[in-house]
Amino acid sequence: MTVGMIETLVALQAIDTRHRGLLRQIDEHEAELATLRTEIGMRQQELETMRVAVAGIATKRRELEALTQDEERRLKDRRMRIDRIRNDRELDAAQREIDGLKDALSRHEEELIAVMEQSETSEASIVIAAGECTAREGELAAVDERCTLVVRTLRADLETDRLEREQLATRIEADQLRRYETLRQRGEGLAVVEMRGGCCVGCRMRLPHQLANEIMAGGGPIACCPRCNRIVFHRDDGESTATSA
3 MTVGMIETLV
13 ALQAIDTRHR
23 GLLRQIDEHE
33 AELATLRTEI
43 GMRQQELETM
53 RVAVAGIATK
63 RRELEALTQD
73 EERRLKDRRM
83 RIDRIRNDRE
93 LDAAQREIDG
103 LKDALSRHEE
113 ELIAVMEQSE
123 TSEASIVIAA
133 GECTAREGEL
143 AAVDERCTLV
153 VRTLRADLET
163 DRLEREQLAT
173 RIEADQLRRY
183 ETLRQRGEGL
193 AVVEMRGGCC
203 VGCRMRLPHQ
213 LANEIMAGGG
223 PIACCPRCNR
233 IVFHRDDGES
243 TATSA
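Residue numbers (the working numbering): 3 to 247.
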C-alpha cells in the first residue's frame, strides 16, 4: 500500500465522516420540526375538544332557557286560573302544581346560571388556547423556514461530497475499496487510523515492534492492527487524521 493510496483512503474517510455528520444534522433539524408539529397538532386537538365542549354547553343553555320560559309561562297561566277556582279540592291541587312549578323553575334557573358561568369560563379558555396555538404555529413557520434553508444547504454539501467521493473512489482498487467499506462499517466509521507512540489510535493497542517499524517505514503493503483490523499508517508531522464518526 503506497503512501498515496493511504492518503486517498484518509481523504475518503474524511468525506464519509463528514457525510455522517451532515446526515445527523439533517435528522436533528427534521426531528425538531416533527416534534413541533406534533405539539401543535396536540394543541389543535385540545382546542377542538374545548370547542366541542363549549358547543355542548351552549346547547344545554338554550335547552334550559327554553325550559325556564315554558315553566314561567305555565306558572303564570296557573296563577291566572287559580283565581277562577271555587272548589277547595281543585284549589289545593292547583296550588300544589304551582308550588311544583316554582320549585322546578328555581332549580332550572340555578342550573342555567351555573351553565352560563361555565360557558363564559370555557370561552375565555378557548381564547387563551387559540392564542397559544396561533403563537406556536407562527413559531413553527419560522423554524420551518430556518430548517428548510439549513437542510437545503446541508443536502448541497452532501451532493458536493458525493461527487468528490466518487472521484476518490476511482483511485482505489476495487478489493481495497470493499475492504475499506467493511472496516468502516465494523469500526464505527473508522477504517483508517494513525499509529501514535507505537499504538493503534483506533483501539489503543500497542503494535508489535516489527509491525510498528514497517508502518514507520511506509511504502510497503497495507498494514492492519492485529486487534481491530483497521488500516494503520504513520504520519511524520504527527497530525492525527483519525476522526471519530
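Quick reminder that beta carbons are idealized off the backbone N, C-alpha and C, glycines included.
Note that this is a predicted model, so its numbers are computed, not measured.
Of the residues Ala-95, Thr-40 and Ala-68, which one's Cα is nearest the Cα of Arg-81?
Within the sequence shown, the letter at position 79 stands for residue 81. When only C-alpha atoms are compared, the closest one is Ala-95.
Quick check for students: name the residue ranges of the beta strand (DSSP E) that lie wholly in the stretch 184-242, counting only runs of 3 or more.
Segments of the beta strand (DSSP E) lying fully in the stretch 184-242: 194-198 and 233-235.
Near Met-207, what residues of its chain come up, given a Cβ to Cβ distance below 8 Å and the 5 sequence neighbours on each side ignored?
Looking up residue 207 in the sequence shown gives position 205. Same-chain partners within the cutoff: Cys-201, Cys-227, Pro-228, Arg-229 and Cys-230.
Judging by CA-CA distance, which residue of Ala-33, Glu-50 and Arg-26 is the nearest neighbour of Cys-135?
Position 133 of the sequence shown, counted from the start, is the residue given in the question as residue 135. The candidate whose alpha carbon is nearest that of Cys-135 is Glu-50.
How big is the Cα-Cα spacing for Thr-150 and Glu-141?
The count along the sequence shown starts at 1 and reaches residue 150 at position 148. The count along the sequence shown starts at 1 and reaches residue 141 at position 139. Between Thr-150 and Glu-141, the C-alpha separation is close to 14 Å.
Looking at the secondary structure, which residues open and close the alpha helix (DSSP H) in which Glu-168 lies?
Within the sequence shown, residue 168 is the residue found at index 166, counting from 1. Looking at the DSSP string, the run of the alpha helix (DSSP H) that includes Glu-168 is 90-171.
Under 7 Å: does the beta carbon of Ile-87 sit that close to some heavy atom of the ligand GDP?
With respect to the ligand GDP, the structure shown offers nothing to examine, as it has no ligands at all.
Taking Cβ to Cβ, would you say Met-118 is nearer than 8 Å to Arg-63?
One-based indexing of the sequence shown puts residue 118 at position 116. One-based indexing of the sequence shown puts residue 63 at position 61. Their beta carbons are under 8 Å apart, which means Met-118 touches Arg-63 by this criterion.
Closer than 6 Å by C-beta to Leu-14: which residues in its own chain qualify, once you throw out the five before and the five after it? Chain order, please.
Position 12 of the sequence shown, counted from the start, is the residue given in the question as residue 14. So the list reads Leu-170, once near-sequence residues are dropped.
Please report how far the alpha carbon of Arg-83 lies from the alpha carbon of Ala-106, in whole angstroms.
Along the sequence shown, one-based indexing puts residue 83 at 81. Along the sequence shown, one-based indexing puts residue 106 at 104. One C-alpha to the other measures close to 19 Å.
Which of helix, strand or coil does DSSP assign to Thr-37?
As a first step, residue 37 is located in the sequence shown; it is residue number 35 there, counting from the start. Correct three-state label for Thr-37: helix.
Can you look up Glu-175 in the DSSP assignment and give me helix, strand or coil?
Reading the sequence shown from its first residue, position 173 is the one you call residue 175. Coil.
Just to confirm my understanding: we take Leu-25, look at its own chain, exclude 5 residues before and 5 after, and list those with CB closer than 8 Å. What are they?
Sequence index remark: in the sequence shown, residue 25 carries index 23 (1-based). Around Leu-25: Leu-160.
Exposed or buried, Ala-244, counting other C-beta atoms within 10 Å across all chains shown (16 or more means buried)?
By 1-based counting over the sequence shown, the position of residue 244 is 242. Any reading at Ala-244 is ruled out, since the residue's pLDDT is 42, under 50, leaving its predicted position unreliable.
Take Lys-104 and list the residues in its own chain whose beta-carbon comes closer than 8 Å to its own, dropping the five residues that flank it on each side.
Your numbering for residue 104 matches position 102 in the sequence shown. Cβ neighbours of Lys-104 beyond the five flanking positions: Leu-77.
Can you list, in chain order, the residues of its chain with a C-beta nearer than 8 Å to that of Gly-204? Leave out the 5 residues immediately preceding and following it.
Here the question's residue 204 lines up with position 202 in the sequence shown. Contacts found: Gly-189, Leu-192, Val-195, Cys-227, Cys-230, Arg-232, Val-234 and Ala-244.
Evaluate Ala-225 with the Cβ neighbour count: other Cβ atoms within 10 Å of its Cβ, from every protein chain shown; 16 or more gives buried, anything less gives exposed.
For the purposes of this step, residue 225 is identified with residue 223 of the sequence shown, where counting begins at 1. The residue in question, Ala-225, is buried, as its Cβ has 16 or more Cβ neighbours within 10 Å.
Out of Gly-199, Gly-222 and Gly-221, point me to the one whose CA is closest to Gly-211's CA.
Position 209 of the sequence shown, counted from the start, is the residue given in the question as residue 211. First, the residue type needs correcting, since residue 211 is His and not Gly in the sequence shown. Taking only the C-alpha atoms, the option nearest His-211 is Gly-199.
Any idea if Glu-73 is buried or exposed, counting beta-carbon neighbours within 10 angstroms, 16 or more meaning buried?
By one-based count along the sequence shown, residue 73 stands at place 71. Buried is the call here.
State the DSSP-derived secondary structure class of Arg-181, mapped to helix, strand or coil.
Counting from one through the sequence shown, the residue named residue 181 turns up at place 179. Helix, per DSSP.
Please classify Ile-115: is it buried, with 16 or more other beta-carbons within 10 angstroms of its beta-carbon, or exposed?
Here residue 115 refers to the residue found at position 113 of the sequence shown. With fewer than 16 Cβ atoms within 10 Å of its Cβ, Ile-115 is classed as exposed.
For Arg-64, does the three-state DSSP call read helix, strand or coil?
For the purposes of this step, residue 64 is taken as the residue at position 62 of the sequence shown. Note: Arg-64 maps to helix in three-state DSSP.
With distances taken Cα to Cα, identify the nearest neighbour of Ile-59 among Glu-147, Glu-67, Asn-215 and Ser-121.
In the sequence shown, counting from the first residue as 1, residue 59 sits at position 57. Nearest of Glu-147, Glu-67, Asn-215 and Ser-121 to Ile-59, Cα basis: Ser-121.
CB-CB under 8 Å to Ile-87, same chain, minus the five flanking residues each way: which ones, in chain order?
Looking up residue 87 in the sequence shown gives position 85. Closer than 8 Å at Cβ, skipping near neighbours: Leu-93 and Ala-96.
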